[in-house]
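I have placed the structure first, in the form of structure tokens, so that the comments after it can refer back to it.
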Amino acid sequence: MAQQQNVDLRHARTGIELRPGLDGVPATQSAICDIDGERGLLTYRGYPMEDLAANSSFLETAYLLIWGELPTCDELARFEHAVQMHRRVSFRVRDMMKCFPASGHPMDALQSSAASLGLFYSRRAIDDPQYIYDVVVRLIAKIPTMVAAFQLIRKGQDPIQPRDDLAYSANFLYMLTEREPDPLAARIFDRCLMLHAEHSLNASTFSARVTASTLTDPYAVVASAVGTLAGPLHGGANEDVLAMLEEVGTPEKAAGYLDEAIAAKRKIMGFGHREYKVKDPRAVILQSQVEEMFARFGHDQLFDVARAIEAAAESRLGPKGIYPNVDFYSGLVYRKLGIPRDLFTPVFAIARVAGWLAHWREQLGANRIFRPSQIYSGSPPRTWMPPEERVSAPAA
Ligand code: SDX
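Numbering (our numbering), first residue to last: 107 to 502.
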């Protein structure tokens, strides 16, 4: 019978000790994004998130993340035009989506359709800058179209084509809701995309880098990252936050809900972070976007519940460095925009594809395939025996 051994958690050859979840372990060197978790600071290529959120656009920010510098007027115009010209998706991909079950989760639909692009664009000239540019344009342009297409298809409708006269974020909201959005709504959504575009070596970006390190096609890299982002401990938390706010129901019940959840050792969705030990700076900006949305388009009392939970959590979780993260307020913005709850994480993916592509390009520039080691704690060597001599092991 297999025996779990008590083992030395240091690697025999390197002496490095096992760190669950690679907590605090540098797995790569990167110049894309820096996080100061103690002071709650976030910069993209050296530019503070607050500065970009106030002045930039998602496409300009994506360009900065991927190529390292803010684009000139001509570079930005060329990039925006290229993205605009590549928004459409082959009818074959749309027809494939029509075979997906309408009850399927949109993140599974996105992962499948993103991977399918590798069937249409199979070239892998990863040392050709033009190839990399074309891949970036294609994915940034088509991911929103695929997210919006599945939404209409699962309602039994044909997807609507992108509108070339609408900018990136306005066009996505149009394809999703079949209505041209209010300019303020489009601007706030575009800001949300900037806030979600990149965050150093989070789980889905690490997946992207590991997959990229094998030199597979970029569509497989993005599909791998989408699958990782879907998890409730990562990008999937934004959906669960809204469910929590609805379950709590009123601000008066917030403290009691927290006490019961903490006593039951349940994680509070939208709270906590491996890096931040203060309030996530993105949550600060997202909270201001919620307030701007509600001032213009009407209040949602779930915001009052959220504020009450945050206030009650201060004394209960703050001493452990557990504060709201990026997922705590984002869902309230998306709900006011009319985005269905199970599309919140696909929206996260629309933004994060910029960061994943930046890390894909950076990994290719100094690649070594990821192959970490392990600490073996399994059975010592033993000999095979015929079935009739075996006794069943107790259930694990
Ligand atoms: C994202 O990495 C990134 O950058 C991710 C992201 C990005 O932009 O890519 O920022 C996006 O994923 C945001 C996180 C969204 N997930 C959630 O909101 C789910 C709830 N959060 C937790 O699951 C947790 O905080 C994590 C997953 C975010 C971080 O987990 P860690 O760093 O592994 O921390 P842990 O689970 O080891 O917890 C350490 C302690 C534990 O208490 P003790 O056992 O030591 O007493 O903190 C507690 C945990 O119980 N804790 C929480 C908590 N998060 C941690 N307690 C209550 N509620 C929580 N949310």
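We put the beta carbon where it would ideally sit given N, CA and C, even for glycine. Computed from a predicted model, the values in this text were never measured in an experiment.
Cβ of Asp296 within 8 Å of Cβ of Ser163?
The answer is yes: Cβ separation under 8 Å.
Can you tell me where the beta strand (DSSP E) holding Leu147 begins and where it ends?
Annotation: the continuous beta strand (DSSP E) that includes Leu147 extends over 147-150.
Just grab the DSSP bridge partners of Glu304 for me.
Per the DSSP secondary-structure output, Glu304 pairs with nothing in a beta bridge.
Within 7 Å: the Cβ of Asp214 and any heavy atom of the ligand SDX?
For the ligand SDX, not one heavy atom lies less than 7 Å from the Cβ of Asp214.
Tell me whether Ile141 sits in a helix, a strand or coil according to DSSP, three-state version.
strand
Distance CB(Ser319)-CB(Asn473) smaller than 8 Å:
yes
Between which two residues does the alpha helix (DSSP H) holding Lys385 run?
No alpha helix (DSSP H) contains Lys385, which DSSP labels as neither H nor E.
Figure out for me which residue from Ala336, Glu494, Asp365 has the closest Cα to the Cα of Ile456.
Ala336
Rounded C-beta distance between Gln217 and Ala329? I'm assuming under 8 Å.
That pair is a contact at about 5 Å.
Unbroken alpha helix (DSSP H) run spanning Trp462, endpoints:
First-last of the alpha helix (DSSP H) with Trp462: 450-471.
So, does the segment 206-223 touch the segment 256-274, judging by three or more C-beta pairs under 8 Å?
yes
With a threshold of 7 Å (Cβ to nearest heavy atom), would Asn112 be considered close to the ligand SDX?
no
Local Cβ density within 10 Å of Ala291, reported as buried at 16 or more and exposed below that
Counting Cβ neighbours within 10 Å, Ala291 comes out buried, since at least 16 surround it.
DSSP beta-bridge partners for Phe278?
Per DSSP, none; premise fails for Phe278.
7 Å CB neighbourhood of Pro452 in its chain, flanking five on each side removed
Pro212, Met213, Leu216, Val253
Closer than 8 Å is the cut-off here; do at least three beta carbon pairs connect the segment 473-488 with the segment 188-203?
no
When the Cα of Gly174 is compared with those of Ala464, Val354, Phe197, which residue comes out closest?
Of the candidates Ala464, Val354, Phe197, the residue whose Cα lies closest to the Cα of Gly174 is Ala464.
To the nearest angstrom, how far is it from the Cα of Val439 to the Cα of Gly121?
Across the structure, Val439 and Gly121 are spaced so that their CA atoms are roughly 48 Å apart.
Let me check you understand the geometry: is the CB of Ala432 closer than 7 Å to at least one non-hydrogen atom of the ligand SDX?
The amino acid at residue 432 is misidentified as Ala; the sequence shows Val. Val432 Cβ: within cutoff of the ligand SDX.
Among residues of its own chain, excluding the 5 on either side of Met350, which ones have a beta-carbon nearer than 6 Å to its beta-carbon?
Met375
Confirm, please, whether the CB-CB distance from Val384 to Tyr429 is below 8 Å.
Here Tyr429 is near Val384, since their CB atoms are less than 8 Å apart.
What does a CB cutoff of less than 7 Å around Met300 pick up in its chain, not counting 5 residues either side in sequence?
Leu158, Ala159, Ser162, Phe164, Thr167
Which residue comes first and which comes last in the alpha helix (DSSP H) that contains Phe377?
Here Phe377 belongs to no alpha helix (DSSP H), and DSSP marks it neither H nor E.
How far does the alpha helix (DSSP H) with Gln257 in it reach, from first residue to last?
Counted as a single uninterrupted DSSP element, the alpha helix (DSSP H) harbouring Gln257 occupies residues 235-260.
Which term fits Gln115, buried or exposed, when burial requires 16 or more other beta carbons within 10 angstroms of its beta carbon?
According to the sequence displayed, residue 115 carries Leu and not Gln. Answer is exposed; the Cβ neighbour count stays below 16.
Suppose contacts are defined by Cβ-Cβ distances below 8 Å. Is Phe185 in contact with Gly341 by that definition?
no
Report yes if the C-beta of Ile481 is less than 7 Å from at least one heavy atom of the ligand SDX; otherwise report no.
No - the ligand SDX has no heavy atom lying nearer than 7 Å to the Cβ of Ile481.
Host alpha helix (DSSP H) of Leu216 (start-end):
212-226
Within 8 Å, do at least three Cβ pairs link the segment 351-370 to the segment 403-420?
yes
Going by beta carbon distance, what residues of the same chain come within less than 6 Å of Leu282, once the five residues before and after it are set aside?
Ala254, Gln257
Quick check: is any heavy atom of the ligand SDX less than 7 Å from the C-beta of Ile428?
yes
If contact is defined by three or more beta carbon pairs under 8 Å, each pair taking one atom from either stretch, is the segment 301-315 in contact with the segment 132-149?
Inter-segment contact for the segment 132-149 and the segment 301-315 is present: three or more beta-carbon pairs are separated by less than 8 Å.
Buried or exposed: Phe226, going by 16 or more other Cβ atoms within 10 Å of its Cβ?
Classification of Phe226: exposed, given that the 10 Å Cβ count is below 16.
Can you tell me where the alpha helix (DSSP H) holding Gly437 begins and where it ends?
433-442
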